[in-house]
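A.B. asks: The C-terminal position of the sequence shown is numbered 998 in this note's numbering, with every residue numbered one higher than the one before it.
Beta carbons are placed, not taken as given, at the ideal position from N, Cα and C, and that holds for glycine.
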Amino acid sequence: MSKFFVVATPIGNMGDITLRAIETLKSVDLILCEDTRETKKILDKYAINTPTMSYHAQSKLSKVEKIFELLEEGKNLALVSDAGTPTISDPGAMLVSKILARQDLARVIPIPGPSAVIAALSASGLPTHEFTFLGFLPHKKGRETLFKEIAVSERTMVFYESPHRILKTLESLIKFCPNKKVCIARELTKIYEEFKIGTPAEVLEYLTQNTEKQRGEFTVIVA
Ligand code: SAM
Numbered sequence: 776m777s778k779f780f781v782v783a784t785p786i787g788n789m790g791d792i793t794l795r796a797i798e799t800l801k802s803v804d805l806i807l808c809e810d811t812r813e814t815k816k817i818l819d820k821y822a823i824n825t826p827t828m829s830y831h832a833q834s835k836l837s838k839v840e841k842i843f844e845l846l847e848e849g850k851n852l853a854l855v856s857d858a859g860t861p862t863i864s865d866p867g868a869m870l871v872s873k874i875l876a877r878q879d880l881a882r883v884i885p886i887p888g889p890s891a892v893i894a895a896l897s898a899s900g901l902p903t904h905e906f907t908f909l910g911f912l913p914h915k916k917g918r919e920t921l922f923k924e925i926a927v928s929e930r931t932m933v934f935y936e937s938p939h940r941i942l943k944t945l946e947s948l949i950k951f952c953p954n955k956k957v958c959i960a961r962e963l964t965k966i967y968e969e970f971k972i973g974t975p976a977e978v979l980e981y982l983t984q985n986t987e988k989q990r991g992e993f994t995v996i997v998a
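#1: Candidates Pro953, Asn824, Gly790, Thr944: which alpha carbon is nearest Asp804's?
#2: Which residues bound the beta strand (DSSP E) around Ile797?
#3: Please indicate yes or no: does the CB of Tyr935 lie closer than 6 angstroms to some heavy atom of the ligand SAM?
#4: Report the start-end ranges of each beta strand (DSSP E) in the stretch 809-852 that is 3 residues or longer and not cut off at the edges.
#5: Just verifying my parser: in three-state terms, what is the DSSP assignment at Tyr981?
#6: Could you check which residue in Gly859, Gln878, Glu919, Arg940 has the C-alpha nearest to that of Leu846?
#7: Just checking my contact of Val957 with Ile893 at CB under 8 angstroms: how many whole Å lie between their CB atoms?
#8: The beta strand (DSSP E) with Arg961 in it runs from where to where?
#9: Taking the beta carbon of Met932 as the centre, do at least 16 other beta carbons fall within 10 Å, making it buried, or is it exposed?
#10: DSSP puts Tyr935 in a beta bridge; with which residues?
#11: Is the stretch 870-885 touching the stretch 898-913 in the sense that three or more CB pairs, one from each, lie closer than 8 angstroms?
#12: Whose C-alpha, out of Ala783, Phe779, Thr994, Leu794, is nearest the C-alpha of Ser897?
#13: Check whether the Cβ atoms of Phe951 and Phe922 lie closer than 7 angstroms to each other.
#14: Compare the beta carbon distance of Ser864 and Gly790 with 7 angstroms and say whether it is the shorter of the two.
#15: Suppose you measure from the CA of Leu963 to the CA of Lys955; what does that come to, to the nearest Å?
#16: With which residues is Val782 paired in a DSSP beta bridge?
#17: Let me check you understand the geometry: is the CB of Ser897 closer than 6 angstroms to at least one non-hydrogen atom of the ligand SAM?
#18: Using DSSP bridges, identify the partner residues of Ile972.
#19: When you compare each of Val839, Thr986, Glu809, Pro826 to Thr860 by their alpha carbons, which one comes out closest?
#20: Let me have the residue list for the ligand SAM: C-beta closer than 5 angstroms to any non-hydrogen atom, ordered along the chain.
#21: Please report the residue range of the alpha helix (DSSP H) in which Met869 lies.
#22: Between the C-alpha atoms of Ser777 and Gly849, what's the straight-line distance to the nearest angstrom?
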């Protein structure tokens, strides 16, 4: 049976790739990439010459059919996203589900590695024995409801946020849960990696006073 590997790649620091991920990316017949140019950086660094093909959220049905054909021919494929673990707030979950629905088409095999949600939680010092991952918060519909849920939740809540919305999100946290402890994990594994923990108002004040820290990638944790 063909193999379909779901391969985690670095979220910033290019050293964060497992030996198994490198071996897998070298051995498969084709790598499906969210963005082939982005993945080329890591392939070049590790001298991986495997052919690539794009597979992203907007990929047409014909692309899925092509992937199925390759698997039927006995080819082994790997799926990667731009950073971190594919299918985690990234494309691929639907594809994996379709492959699994076709019995005996391929074995789906995870090659675990970096994911911003786990990296952020692991060094936040906030309770991690139970947590809920919310992915990206909705921009409009359902947003207020979600903040109300965060406010009453007894579990740690984690979500991804863009630099454009981080201040707005902190303002919402001030409104709905001013006394909760918040951690923003910024630029994980990169040069300017930083964890800032405090009440939503304290974290907002910190970012407002240090505008250069409003840039980059954010993962937000609410205890
Ligand atoms: N699949 C990825 C993973 O496993 O982490 C997540 C992909 S999602 C499209 C990208 C979001 O993850 C970013 O907008 C940011 O919120 C978060 N993220 C990714 N890399 C990060 C980093 N180095 N530091 C903090 N957050 C990060």
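C.D. replies: Quick answer:
#1: Asn824
#2: No beta strand (DSSP E) contains Ile797, which is instead part of the alpha helix (DSSP H) from 794-802.
#3: yes
#4: 827-829
#5: helix
#6: Gln878
#7: The Cβ separation is near 18 angstroms, so there is no contact.
#8: Element bounds for Arg961: 957-961.
#9: buried
#10: According to DSSP, which records beta bridges pairwise, Tyr935 is partnered with Phe911, Thr994.
#11: No, they do not touch.
#12: Thr994
#13: Yes.
#14: Not closer than 7 angstroms, so no.
#15: 22 angstroms
#16: Ile886
#17: Answer for Ser897: no, Cβ out of range of the ligand SAM.
#18: Cys958
#19: Comparing Cα positions, the closest option is Glu809.
#20: Ile786, Gly787, Gly859, Thr860, Ile863, Ser864, Asp865, Ser890, Ala891, Tyr935, Leu963, Glu992, Thr994
#21: 868-876
#22: Approximately 5 angstroms, taken between the alpha carbons.
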